[in-house]
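Student: First the structure, which I've put down as structure tokens, then a few questions once you've had a look.
4 protein chains.
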Amino acid sequence: MVQGIVNWSTELNEEWLQNYVDDWVAFYRKHTKDGEVASYIPKLQEANPHHLGITIIGNNGLEISSGDVEIPFTIQSISKVISFIVACMERGVSYVLDRVDVEPTGEAFNSIMHIEMNQVKKPFNPFVNAGAITITSMLNGNTSDEKLASILNMLEKMLGYRPVLDVDIYESERDSSMRNRAIGYYLLETGLLESDLNITLETYFKQCSIEISVHDLAKIGLILANDGFDPQRNEEIIPRQIARITKALMLTCGMYDASGKFATYVGVPAKSGVSGGIIAVAPPRVRDEAMPFLSGCGIGVFGPSLDDKGNSVAGIRLLRHIASQWDLSIF
Amino acid sequence: MVQGIVNWSTELNEEWLQNYVDDWVAFYRKHTKDGEVASYIPKLQEANPHHLGITIIGNNGLEISSGDVEIPFTIQSISKVISFIVACMERGVSYVLDRVDVEPTGEAFNSIMHIEMNQVKKPFNPFVNAGAITITSMLNGNTSDEKLASILNMLEKMLGYRPVLDVDIYESERDSSMRNRAIGYYLLETGLLESDLNITLETYFKQCSIEISVHDLAKIGLILANDGFDPQRNEEIIPRQIARITKALMLTCGMYDASGKFATYVGVPAKSGVSGGIIAVAPPRVRDEAMPFLSGCGIGVFGPSLDDKGNSVAGIRLLRHIASQWDLSIF
Amino acid sequence: MVQGIVNWSTELNEEWLQNYVDDWVAFYRKHTKDGEVASYIPKLQEANPHHLGITIIGNNGLEISSGDVEIPFTIQSISKVISFIVACMERGVSYVLDRVDVEPTGEAFNSIMHIEMNQVKKPFNPFVNAGAITITSMLNGNTSDEKLASILNMLEKMLGYRPVLDVDIYESERDSSMRNRAIGYYLLETGLLESDLNITLETYFKQCSIEISVHDLAKIGLILANDGFDPQRNEEIIPRQIARITKALMLTCGMYDASGKFATYVGVPAKSGVSGGIIAVAPPRVRDEAMPFLSGCGIGVFGPSLDDKGNSVAGIRLLRHIASQWDLSIF
Amino acid sequence: MVQGIVNWSTELNEEWLQNYVDDWVAFYRKHTKDGEVASYIPKLQEANPHHLGITIIGNNGLEISSGDVEIPFTIQSISKVISFIVACMERGVSYVLDRVDVEPTGEAFNSIMHIEMNQVKKPFNPFVNAGAITITSMLNGNTSDEKLASILNMLEKMLGYRPVLDVDIYESERDSSMRNRAIGYYLLETGLLESDLNITLETYFKQCSIEISVHDLAKIGLILANDGFDPQRNEEIIPRQIARITKALMLTCGMYDASGKFATYVGVPAKSGVSGGIIAVAPPRVRDEAMPFLSGCGIGVFGPSLDDKGNSVAGIRLLRHIASQWDLSIF
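Protein chains in written order, with the numbering used here: chain B, 605 to 935; chain L, 605 to 935; chain A, 605 to 935; chain W, 605 to 935.
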């Protein structure tokens, strides 16, 4: 890595920053060997475990990309952020939060026990599978394509283009995710589903199979960093209250059962997915006066080699390093 | 309450602000009837359930107090914040976090199950009793008075005076808290305690019995809001990294199993205790440019009537209202 | 009730015995008001909560029936006894018990948690739903009708006639039991199912819907009391080892999470179902020399008003009374 | 092992039987290497893992001993059987069972979770530590020696001599068993203890440290096999109802979380302890007509090498073999 003490508050030229990020990506790429790619569906297992890429888009116009940023991947659990936002916009925040709680939990990410153990009989939060499936069932539309359109419309507004599905992944998830079907029937039993189960699950599998890039994740992060406002097109995409609640949820529940550690050691709202993507959100802060080259940013990371919590093993370390170097923590 | 639309960004004179806060305290005082004072030790049960008081100390010198701010009360679980900070300063952050995890949990605040269910055999976080007792066992000193001195020294540095114990409460807790003794023996069994059990528990009961005021809580909150720096005496009290980790923990785990809801609906790092105290921390933010009368603040609340999670029932609602009116959320 | 001290070891004529049983049924019928009929499917809810009937068939030829013995009802969970026996006969005991454990559990009868919490990843026992569905998946046959035939063949051998399905109940269960579908998909995820899920569930819903009478239950009980040998037709129906393992399972796991209490207070192998049926097995014992009028017996009970564990509220008390009076406990 | 097909119903001379048992002990002694001696206190760890001994005392006067029957050992958890019997005799069965439930559980033997998870707030059964400590607190006496005397009196009546404590083991348990102290304080918190905690725990540690032999265990087993009646001295030691409830509890909860497997594969009431002792009870049955050389028996086993459930690894296999050969199962 580039040696020496860096005073980030000094204005750096873009080339220098790019060099630093390139160095860090090169360094943390070695950490990809400490994890494994997701294996529960064959298509995900084909991912190259050595891949690591990052895009950072700052509020001041700076954009840095480094590593394997050209590889498209499926959005997976990061779609839970989008469906939560859309459901809140379509139904109202209180409608959604009356049906899904917002408490983090120390348990593993896809446990059925979650639902059973919360005495108020609501899924623990929108980012456990039970909560996410419940939220998908609330989306407008009578078919899975209509429901999916709600999500794709939001993504199109955010990204400026309409993402497509990876049909292989979708079919693979649809045919193999027996645990999500189990959760679905459990939700049906407890009366939490607001749509037909098959339509809900089909939508859920489709939303997880949306193809995305690290640049897309960084752009979504930038919008969230600005409380739902897109500074590049000068337009509010998400109502402010919903954007902020979403960030609170990402901070407390976004990284599976490593959420507490991520909040403590990295300190920014984030959400990961089993394909290796992470979206991270660094809002502008008073301290950013000391870092004029960013002044708030969105970050997209891709690194399909996962740790035992289901998070990108190198991605998390890279984010921790950057957050520490550039003092991105919201705390 | 004072009617009309308020534009808080307009500079308000201090009298107006005081009037608003007085109104809110009067309004939320009615909510004290929705809870009950803690009953597990007789002395706590003597608290007046109708009490509600608040002090807000802003970075810009503004200080507002309203309601029952003259009533001293014991710090209880809020002392876990202080002992965590002291242990990190005495032993180093990584030493402490190697022994106590930082994951929130959906379970009730004093459950022994916490320890058993975390596979790595560490208490879930420093704010569940098992974690707090483990941390107290790490404090410097060979006697409970020496260990307590570590905490009192820190409080004296923060507050400018050395708080005293409420001896009745201390003796009451020492003689009645069988659950904490159970937890203590469990920790001894698992090898987590770093001091003699009786000395550790004695220290723990003493630290919970330190007498404090809402003004004290607001002052501690102000120091945390400034990353450990006391703006009033121009002095660093807590190393920056430790102050920020503490805030991350408060946000994810500070309000028992309502922590997720507090993060979502109020959005500031906070810690509550069963005597009815809450400390809340609103760091300065870019958005505060719109609220020059505060520019970051510490808040102390006291309201001994508790909800079923163990948090001040009126205090939480008052904080939610203020955070919403003045846009204090860190998200 | 018939008053006076009774010396049951004195030979009583059949009329006297009948009078006693009639008295007891009349007395415990009043207890039917302490429970409620199962409500999870409409057809079950139509049951008359005041019904209570019993048939006792002794090894020595004595047969006593009293109360509502003419009402047919569906076998429900009692079918788990039959499917377990058939699977053991078709596959071998060790094949079956390699895939389903035999440990009782303090948890509720249909919990999904059961599967997750047993570290060896097997359903806790053949009588929790997860275990029963796994066992149904092992039955011979490629269709649900072929699999069901295995069960009906066994029942025909035991009863001398081929029972029929209550099609309304079957369709109702098939269309409403979302929890069993949830369990089914969970089993599919964990690789425990040995047949197609839909065929397995269809079979399971059919086997639960077999129509039966208290006399039938008493007859099955008599065969189990004789270690699988039918004393009336002088023929072995179930291999001895399988019959005895079945009784051990009934004793430890047969009455949902009241199994321990039933073993302690009644003391005979038994299995209940949500339609209100109970099958109880009292093997011949040395002590029966003192009770020559029975010398081992099978008992069938029907009382659709259920307690909060899912067992016939009056049926359990009637069985406890009879077991105590006639000293039926195997202990 | 002795070869050939054995017809046990043929009267065998005592020498032959002795030869068979000697063979089996020699064979299963090899299995001692599949386990480990208890290590939680140093004194227990000194046990010789290769030891295996058995004594069988039949109702007809036959007594067979084989292997390491001369080694004294501490009674440990088998004392829970005695304290339960004594408490029922002193307080009445319903008093005891109102305070401790009788449900088996799939959980490990000394879990604190047991208490918390049973909604009625009673320990799951008298043989988990929480239940046993609660029962010890009910024993007559104001000091631990007085309470212990209740247990020693009962043992003296059963055995014809008054056993002594292994003081080293007692002191070791007293000083090291932090988990039992944790359970004790938890019971104190929930109001379940009926005596001073320290006196209760002292009694509990003493009762576990009573020195015993396999012959003693066999004799106690014989008395239980005869419903509390000692056939050798022609005297009732335990009331019949209590003896039978005790056997029901042993069958459903006696072998930690292998109780279900032991009931299924061996089929007799039994209780084990971590020093490697097992007491097994085979009541006389109709089938015993075929085995006149026993006609009901008590069995004591000692084999300090334990399996992962805490049961004597070779002892369980030896018992299974004997129960199968001689058809001892009560089912």
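By construction, the Cβ of each residue, glycine as well, lies at the ideal position given by its N, Cα and C atoms.
(1) Along the chain, where does the alpha helix (DSSP H) containing Ser748 (chain A) start, and where does it finish?
(2) Hey, could you find the ends of the beta strand (DSSP E) Gly662 (chain W) is sitting in?
(3) Given that Arg703 (chain B) touches chain A, what residues does it touch there, using C-beta distances under 9 angstroms?
(4) Return the first residue and the last residue of the alpha helix (DSSP H) that Val771 (chain B) is part of.
(5) Tell me which residues of the segment 911-930 of chain B have at least one Cβ-Cβ distance to chain L shorter than 7 angstroms, keeping chain order.
(6) Cα separation between Pro888 (chain B) and Cys901 (chain B)?
(7) Could you compute how far the alpha carbon of Asn784 (chain B) sits from the alpha carbon of Ala734 (chain B)?
(8) Glu667 (chain A) lies in the beta strand (DSSP E); which residues open and close that run?
(9) Can you find a C-beta in chain B that's less than 9 angstroms from the C-beta of Val706 (chain L)?
(10) For the segment 681-699 of chain L against the segment 725-744 of chain L, do three or more pairs of beta-carbon atoms, one drawn from each stretch, fall closer than 8 angstroms, so that the two count as touching?
(11) Pick helix, strand or coil for Glu720 (chain W), following the three-state DSSP scheme.
(12) Within 8 angstroms, do at least three Cβ pairs link the segment 777-797 of chain A to the segment 835-848 of chain A?
(13) Taking the Cβ atom as the reference point for each residue, do Ile920 (chain L) and Ile824 (chain L) lie within a distance shorter than 9 angstroms?
(14) Span of the beta strand (DSSP E) holding Val885 (chain W)?
(15) Ignoring anything shorter than 4 residues or poking outside the segment 854-880 of chain B, list the alpha helix (DSSP H) runs there in chain order.
(16) Does the ligand MN have even one heavy atom less than 8 angstroms from the beta-carbon of Asn652 (chain B)?
(17) Tell me which same chain residues have a C-beta within less than 7 angstroms of the C-beta of Glu707 (chain W), skipping the five on either side of it?
(18) Tell me whether Val704 (chain A) is buried or exposed, calling it buried when 16 or more other Cβ atoms sit within 10 Å of its Cβ.
(19) For Gly729 (chain L), would you say it is in contact with chain B, using Cβ-to-Cβ distances shorter than 9 angstroms as the test?
(20) Measuring straight from C-alpha to C-alpha, what distance separates Ser817 (chain W) and Ala847 (chain A)?
(21) When burial is assigned at 16 or more other CB atoms within 10 Å of the CB, is Gln929 (chain W) buried or exposed?
(22) Could you tell me the alpha carbon to alpha carbon distance between Pro653 (chain B) and Asp831 (chain A), rounded to whole angstroms?
(23) For Glu840 (chain W), which beta-bridge partners are listed by DSSP?
(24) From the DSSP output, in three-state form, read off Val697 (chain W) for me.
(25) Can you list the residues of chain W that Asp861 (chain A) reaches, using a CB-CB cut of under 7 angstroms?
(26) Taking Cβ-Cβ distances shorter than 7 angstroms, what residues in chain L pair up with Glu793 (chain W)?
(27) Under 9 angstroms between C-beta atoms, does Ile774 (chain W) make it to chain L?
(28) Would Tyr808 (chain W) pass as an interface residue toward chain L - the criterion being a Cβ-Cβ separation below 9 angstroms?
(29) The beta strand (DSSP E) with Val629 (chain A) in it runs from where to where?
(30) Take Glu667 (chain L) and list the residues in its own chain whose beta-carbon comes closer than 6 angstroms to its own, dropping the five residues that flank it on each side.
(31) Should Arg844 (chain W) go down as buried or exposed, given a rule of 16 or more other Cβ atoms within 10 Å for buried?
(32) Quick check on Val685 (chain L): does DSSP put it in helix, strand or coil?
(33) So if DSSP puts Phe728 (chain L) in a beta bridge, which residue, or which two residues, is it bridged to?
(34) Is the CB of Tyr790 (chain L) under 9 angstroms away from at least one CB in chain W?
(35) Roughly how many angstroms separate the alpha carbons of His819 (chain L) and Pro908 (chain L), rounded to a whole number?
(36) State yes or no: is the C-beta of Pro896 (chain L) within less than 9 angstroms of the C-beta of Val885 (chain L)?
Tutor: Quick look at the numbers:
(1) For Ser748 (chain A), the uninterrupted alpha helix (DSSP H) run begins and ends at 748-763, by DSSP.
(2) 657-662
(3) Simply none; closest approach about 17 angstroms.
(4) 771-780
(5) none
(6) 7 angstroms
(7) 8 angstroms
(8) 667-671
(9) Chain B contact via Cβ: present.
(10) Yes, the segment 681-699 of chain L is in contact with the segment 725-744 of chain L.
(11) Low per-residue confidence applies at Glu720 (chain W): pLDDT is 43, beneath 50, and the placement is therefore not dependable, though the value from the model is reported in the following sentence. Three-state DSSP puts Glu720 (chain W) in a helix.
(12) no
(13) no
(14) 881-886
(15) 863-869
(16) No copy of the ligand MN appears in this structure; indeed no ligand is present at all.
(17) Phe728, Asn729
(18) buried
(19) According to the sequence as given, residue 729 (chain L) is Asn; it is not Gly. Yes, its Cβ sits closer than 9 angstroms to a Cβ of chain B.
(20) 36 angstroms
(21) exposed
(22) 59 angstroms
(23) W:Phe833
(24) helix
(25) Glu707
(26) Per Cβ cutoff of 7 angstroms: Met782, Arg783, Ala786.
(27) Correcting the residue identity first, residue 774 (chain W) is Tyr in this sequence and not Ile. It does not; no Cβ of chain L falls within 9 angstroms.
(28) no
(29) Per DSSP, Val629 (chain A) belongs to no beta strand (DSSP E); it is in the alpha helix (DSSP H), 618-633.
(30) Ile661
(31) exposed
(32) Three-state result, Val685 (chain L): helix.
(33) None; Phe728 (chain L) has no bridge partner.
(34) For Tyr790 (chain L), a Cβ of chain W is located within less than 9 angstroms of the residue's own Cβ.
(35) 16 angstroms
(36) no
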